[in-house]
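Encoded as structure tokens, the structure appears first; notes follow it.
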Amino acid sequence: MTDDPPFNPALLPAGFVDRLPPEAEAEAAGVETLMRVFAAHGYDRVTPPLLEFEETLLSGSGAAVAEQTFRLMDPETRRMMALRPDMTPQVARIAATRLPDVPRPLRLAYAGPCILMAGNRGDGERQISQAGVELIGPDQPEADAEIVALAAECLATLRVQGVSFDLTMPALTTALVDAGGFDAHVRGMLMRALDRKDAAAVERHGGELAPVLIRLLHAAGPAHGALAELAAVDLPPAVRVHSARLAATVAAIEARVPGIRLTVDPVEFRGWQYHTGVCVTVYAAGQREELGRGGRYLSNNDEPACGLTLRPDIILRAAPPLPCRTRVFLPWGTLPEVGAALRAGGYATVSALGDEADARAAARRLSCALVVVDGRPVPVDGI
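Numbering (the numbering used here), first residue to last: 1 to 383.
Structure below.
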């Protein structure tokens with residue numbers, strides 16, 4: 001005998017959910033909308049596997065996501081395998097190993113589920129959806145701008161309001177702190193203080209660099225004001241090159257997407273483990289969660305690359321509801337060509353599987369707004 005309650009077959013592990021109608025269809029439609037925008041700009045779709053050998057998935061840029069990776073043993077080969085927590089390293093692998101001779105710039109798009117060890121950045125979900133693009137080959141501001149412009153077009157297509165793009169340059173902070181010659185202990189405390197935006201701690205641990213670092217902390221905000229403040233800070237030449245690239249990228253983005261809302265935080269570096277240049281996080285007004293993030297990194301074989309990964313599930317929470325197909329009930333005996341014409345016109349048809357005594361009642365029960373009468377659709381509750 002046991003006092004344990006009976007097992008509930010609807011119970012799922014924490015962080016995993018069932019997508020039910022109409023949410024599942026809306027998410028699929030949203031993903032395909034994103035993929036159509038990507039394809040219209042010349043990004044070819046690739047589909048990497050959900051599961052790979054551990055040493056392959058977690059090599060190169062994939063090493064940065066090792067702590068978020070589920071592992072299991074292949075019962076046939078006895079080799080360790082891993083479920084992807086992020087698709088970007090897989091696309092980098094494909095570019096280097098499967099498409100090395102394809103002319104650059106190489107434009108690739110992807111979409112699919114990912115599995116996390118724990119809820120990512122506070123949203124609590126462990127199975128997430130991703131859709132994104134990678135631009136592999138060029139290392140120039142115009143490439144970074146293309147990625148941001150694509151994301152802006154995607155969100156405009158889905159009618160997301162109040163979109164803003166937050167730009168940062170993690171390499172700037174790292175180069176500046178490295179130039180200060182701090183020992184490992186002090187450097188660690190200083191980086192934690194910068195990560196927390198703790199100006200008092202930066203003052204304690206920053207030594208001669210403290211005034212510069214505090215000015216950089218206060219430089220965050222709308223792009224032009226932040227860049228003006230950044231330009232006024234006395235930076236070593238090895239660090240100034242990063243701020244110059246950030247400014248050039250802002251100019252390239254604004255040239256491509258006039259009126260885009262850009263902010264800059266020159267000291268932000270949290271979560272950019274494998275990125276080497278300008279990075280971007282996408283937000284929408286009234287939405288706590290990030291809609292996407294990306295940036296510049298080195299692909300496999302140290303090939304320059306930049307990309308951006310969007311979260312379709314979060315985007316659809318920020319977007320107006322996508323229109324659903326109107327459902328039409330086809331009573332028993334409806335001609336096949338009538339149903340075919342309705343489906344070609346964008347309707348969803350629901351066919352009777354036998355003679356219904358009351359076709360309108362059957363249509364209501366099956367959530368159909370229309371019912372075919374005399375070969376044409378009419379409102380279920382109409383005359």
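Beta carbons: idealized from backbone N, C-alpha and C, even for Gly. Please read all numbers here as calculations on a predicted model, not as lab measurements.
Residue of the options minimising C-alpha distance to residue i
i: M73; options: V91, E54, A111; result: E54
i: S392; options: P379, D374, P336; result: Residue 392 is absent from the model: the chain starts at 1 and stops at 383.
i: A39; options: P237, A226, P100, A111; result: A111
i: L330; options: G307, V278, V371; result: V371
i: A369; options: Y347, V133, L353; result: Y347
i: C279; options: N301, L172, L58, L50; result: L172
i: L325; options: G375, E303, A344, P9; result: Note on residue identity: the sequence assigns Arg, not Leu, to residue 325. Per the Cα distances, A344.
i: A393; options: E337, L342, W332; result: The shown model of the chain, from 1 to 383, leaves out residue 393, and the question about it has no answer.
i: L308; options: G132, V212, P323; result: G132
i: E337; options: G375, A244, A66; result: G375
i: A457; options: P141, V241, H242; result: Because the chain here runs from 1 to 383, residue 457 falls outside it and cannot be looked at.
i: A64; options: E303, R360, Y297; result: Y297
i: R365; options: E125, T263, V328, R84; result: V328
i: V282; options: P89, E52, L167, A29; result: L167
i: D302; options: A29, P5, G60, E23; result: G60
i: G30; options: D195, L158, V102, L230; result: L158
i: V239; options: R360, T334, V177, P105; result: V177
Contact set for residue i: own chain, Cβ-Cβ below 6 Å, skip 5 residues either direction
i: M189; result: H205
i: T56; result: none
i: R215; result: V233
i: G339; result: L330, T349
i: R261; result: S164
i: L155; result: V163
i: C306; result: L135, A143, D144, I147, R296
i: T174; result: none
i: A201; result: A193
Buried/exposed call for residue i, threshold 16 Cβ in 10 Å
i: H185; result: exposed
i: H218; result: exposed
i: V17; result: exposed
i: P266; result: buried
i: G292; result: buried
i: M169; result: buried
i: M80; result: exposed
i: E290; result: buried
i: T349; result: buried
i: G221; result: exposed
i: S351; result: exposed
i: F269; result: buried
i: T69; result: buried
i: T47; result: exposed
i: P13; result: exposed
i: A165; result: The identity of residue 165 in the sequence shown is Phe, whereas the question assumes Ala. It is buried - the Cβ of F165 has at least 16 other Cβ atoms within 10 Å.
i: T77; result: exposed
i: N8; result: exposed
i: R311; result: buried
i: R93; result: buried
i: A149; result: buried
i: G286; result: exposed
i: A151; result: buried
i: L288; result: Going by the sequence as given, residue 288 is Arg instead of Leu. With fewer than 16 other Cβ atoms within 10 Å, it is exposed.
i: T97; result: exposed
i: L83; result: buried
Contacting residues, own chain, Cβ-Cβ under 7 Å from residue i (five flanking each side not counted)
i: V160; result: A284, I315, A318, A319
i: D381; result: none
i: Y43; result: R107, L108, A109, V133
i: H275; result: P170, G295, R296, Y297
Cross-strand partners of residue i (DSSP beta bridge)
i: Y274; result: Y274 pairs with nothing; no bridge assigned.
i: A348; result: R327
i: P320; result: Its beta-bridge partners do not exist; DSSP assigns none.
i: D44; result: L108
i: C306; result: L135, R296
i: E52; result: A82
i: T263; result: D166, P222
i: Q287; result: DSSP output for Q287 lists no bridge partner at all.
i: L230; result: L230 pairs with nothing; no bridge assigned.
i: I128; result: C114
i: R376; result: V373
i: V280; result: L167, G294
Own chain partners of residue i with C-beta closer than 8 Å, once the 5 adjacent residues on each side are dropped
i: E208; result: G180
i: Q127; result: G15, F16, V17, P113, C114, I115, L116
i: R45; result: M35, F38, A39, L108, A109, Y110, A111
i: R19; result: E27
i: A226; result: A219, A220, T263, V264, D265, P266
i: P321; result: A26
i: K197; result: L217, V267
Beta carbon proximity, residue i to chain C, threshold 8 Å
i: P21; result: Among the chains of the structure shown, chain C does not appear; only one protein chain is present.
- request: Mind listing, in chain order, the continuous alpha helix (DSSP H) runs of no fewer than 4 residues lying wholly within the region 135-184?
  value: Inside the region 135-184, DSSP marks whole alpha helix (DSSP H) runs of 4 or more residues at positions 141-157, 170-179, from first to last along the chain.
Length-filtered (3 minimum) beta strand (DSSP E) runs lying within the region 56-124: Segments of the beta strand (DSSP E) lying fully in the region 56-124: 70-73, 80-83, 106-115.
message: As an exercise, report each continuous alpha helix (DSSP H) stretch of at least 4 residues that is fully enclosed by the region 193-226, in chain order.
response: 199-205, 210-217
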